[in-house]
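As numbered in the numbering used here, residues 749 to 1324 make up the sequence shown, in order.
In this text, a Cβ means the ideal position worked out from N, Cα and C, and glycines have one as well.
It should be emphasised that the depicted structure is a prediction, and the values quoted were computed from it without experimental measurement.
What follows is a short report on a single structure.
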Amino acid sequence: MVKMPDFFCYVSTGEGGVVGAEGPFASDGRLTVFLDGYLRRVGQYVPYSRSATRLLDLFKDVPGRDRPLFEGSFCAAIYDRHQNVMTLITDIYGSRPLYYCRRGQEVFLSTRLHRLVEVMEHLAVPADALADSKALGFVRAPITMIEGICSVPRNSVVDIRLTEGATYTDIRPSRLASNPPGSEESSLLITEIESALEQEFQALGKAHRRVAILLSGGIDSSILASYAAQHFDQAVAFSCEIEGFDNPELERARYVATQLKIPHKIIQLRKSDVLPLFERVVDLMEGPSRHINNIVTLHLFDAIHGYDAIIGGDGADALFGSNNQKTITNQSSKLKLISRLPGFARAGLRFLASALSLEKSEQAQNFLTHDIDWFIDHLFTIRYGKGERWVADTLGIPCFTSGGDRFQCSESVIAKSIEANFELFLNSMLLRNSLLSKGCNAPMYYPFLTEGMLQVFKRVPDNLRFDNAGEAKPLLRELCRQRLGSTVVEWPKLGFVTPEKSWLSSELRAKVERLYSGKGGMMQVLSLSLGVPEQDALAGSTRLLWWLIGLDECLLHYQDALSKTESCTTGGEIGE
């Protein structure tokens, strides 16, 4: 495994500069710049830059907050010695973490939370840390889990003024807000999607020769594989096969790779791999991860070595039509019908709903009680069972989260659900990719998430996110048909059994038993335990139980990191 150096530095006014720094940096005597990831100016189809020197030039040319906007997957820190200000910036999606820990006129920065844990004098966890966990099961560890460590929000600028002892956070206006027109020609939009993808792959092709494509067999990854086959000297597809579980989409992935005449590597995930992969996922993500799928993702990344770049299809669902958007549309229609009923009719419906099965009764009561904004806020957690919600409440963990002001940037229901998707789901996926792919030593690109593609997305009307049969992403389905033929698009949909329950009851059983025994991190750090009633309530759970064993494991990791504290101020000064 190739270990990437952590983006880490220590700034002290007493030392007169930046010390103990590692990772890509550049300095001109006044400014010192640290860059993790890649970027370019918004809307320019040119190769991305991973050069801190290039970023330094941009900041020298344009002073203050008139600096240009960037796109890409990045976080950066700019230290101005003359003003004694550290400026931290993140990309629109928050795809790369950036943490800071401040002690008076000293600031520690890192893209690895563990590095900051190691400089803490003791592991302090506030009593209400879990109350800030936000969208239980869909994000990393709570950003307030460790007292004294802060996380830079996505799409924001944070100024840390060392001499004043002040910190200012400026969250930029959302570039995802969309209020599309009522109608638009689908053929024109498909042409614009093609143009955006073509320009992006041309830019990537100038900078890279040998790339890996994550090919699930779905529409999105198949489209990207077709472009990669055209624009790179060598494009290799990667898919995963899980021991004991049949995945029908893998057959479509094989078909697509054969059609494109590109090499296709199918990585076997054996049962014996699951436990060590779980422990590494928790270590790399430094907290409970969104989904058990992350084990598969890390296993794929482990197999990708010697490539210039990785291509991923993330974001296509969020932009061009997802099942969650369909759900919100259907719920909005039902709510409109219910709102037209007189009060006595709604009371009658409540009475009838109480006679339904528990799950259906809860669903019916939700429709009779809440508005569409409530459904959007609970978009990804509404399917938690009663037992899971009770356990979460007992532990002081919120099952649901409010979208807050971010979701109010758009007017239409679909547009609000898209913003919720980005805030609660896509952000977690991109962050996951950045953390788990560090060992690949190659940047991961998302052609569906460029500024050019966002401009197309903003013009897609709601009626072109689903076709008459209710199929999502009709624009991308048609583009796939044009590039790869009807067979790929019309491939039979066959469900497959996911491995969550099996893994939790076998390969990961030891982690579950430790959680239940009270010998793990939840008890040692948070003084939280699960009694017999809570354990019984979790018997049928997958997402909550997965999140809890991840939390239990990560707290032990934090303790271990703290016990191995090393000085972070060693090394010569830079920027002098």
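DSSP state of residue i mapped onto helix, strand, coil
i	result
V766	strand
G913	coil
L1310	helix
L1278	coil
I938	helix
Q1272	helix
L1299	helix
D1153	With a pLDDT of 49 at D1153, under the threshold of 50, the modelled position of this residue cannot be trusted, and the question is left open.
E1321	Only weak support is given to the placement of E1321: the predicted model assigns it a pLDDT of 38, under 50, and the value that follows is read from those uncertain coordinates. Here E1321 sits in strand by DSSP.
G785	strand
Q982	strand
R1257	helix
G852	coil
F773	strand
S797	strand
K1267	coil
S1160	coil
L846	coil
C1316	Any answer about C1316 is weak, because its pLDDT of 41 lies below 50 and its placement is not dependable; what the coordinates show is given next. The answer is coil: DSSP assigns C1316 none of H, G, I, E or B.
S1037	coil
Q1016	strand
E819	strand
I1166	helix
V1022	helix
F1244	coil
I1365	Residue 1365 lies beyond the residue range present for the chain, which begins at 749 and ends at 1324; the question has no answer from this structure.
S1289	coil
A824	strand
D918	strand
V900	coil
D754	coil
I908	strand
I990	strand
I837	strand
T859	coil
V759	strand
L806	helix
L779	strand
Contact check, residue i vs residue j, beta carbons under 9 Å
i	j	result
A951	Y793	yes
D784	P795	no
K1241	P996	yes
L846	T859	yes
I1010	A977	yes
P849	G791	According to the sequence displayed, residue 849 carries Cys and not Pro. Not closer than 9 Å, so no.
L804	V833	no
S969	G1096	no
G1054	L1224	no
F1196	L1017	no
I1043	T1290	no
P1209	E932	yes
F839	G820	In the sequence on display, residue 839 carries Asp and not Phe. Cβ atoms of D839 and G820: closer than 9 Å.
K1333	D1119	Within the shown structure, residues of the chain are numbered from 749 to 1324, placing residue 1333 beyond reach of any answer.
Q920	S843	In the sequence as displayed, the identity of residue 920 is Arg instead of Gln. No, Cβ-Cβ distance for R920 and S843 is not below 9 Å.
N1072	F1205	no
L726	L871	The chain is shown from 749 up to 1324; residue 726 falls before or after that span and cannot be answered.
I1076	V1022	no
CB-CB length for residue i against residue j, believed under 8 Å
i	j	result
D828	R788	Contact flag wrong, Cβ pair sits at about 23 Å.
A944	I961	The Cβ separation is near 18 Å, so there is no contact.
L1296	L1252	Actually they do not touch by this definition, with Cβ atoms about 11 Å apart.
L998	G965	6 Å
I1058	S974	Not confirmed; about 17 Å, so no contact.
F822	Y786	6 Å
M893	V873	6 Å
V1004	L972	Not really, about 10 Å apart at Cβ, beyond 8 Å.
R1098	L1116	6 Å
C757	A769	4 Å
L1227	I938	5 Å
The ligand FAD heavy atom lying under 8 Å from the CB of residue i
i	result
L803	Of ligands this structure carries none, so the ligand FAD is not represented either.
Taking 8 Å as the cut-off, does the region 1027 to 1037 touch the region 1178 to 1191 (at least 3 CB pairs, one atom from each stretch)? yes
Does the region 1080 to 1092 touch the region 985 to 994, meaning 3 or more C-beta pairs lie closer than 8 Å? no
Is it true that the region 1298 to 1307 meets the region 1253 to 1273, where meeting means three or more beta-carbon pairs spaced less than 8 Å apart? yes
Suppose only complete runs of 4+ residues qualify. What are the alpha helix (DSSP H) ranges in the region 1169 to 1226, listed by chain order? 1175 to 1184, 1199 to 1205
Touching or not, the region 1158 to 1168 and the region 907 to 914, by the rule of three or more beta carbon pairs under 8 Å? no
Within the chosen definition, does the region 1204 to 1216 reach the region 870 to 877 through at least 3 CB pairs nearer than 8 Å? no
Three Cβ pairs or more, each shorter than 8 Å: is that satisfied between the region 1134 to 1146 and the region 1048 to 1055? no
Starting from the N-terminal side, write out each stretch of the beta strand (DSSP E) that is 3 residues or longer and does not extend beyond the region 1055 to 1101. 1057 to 1059
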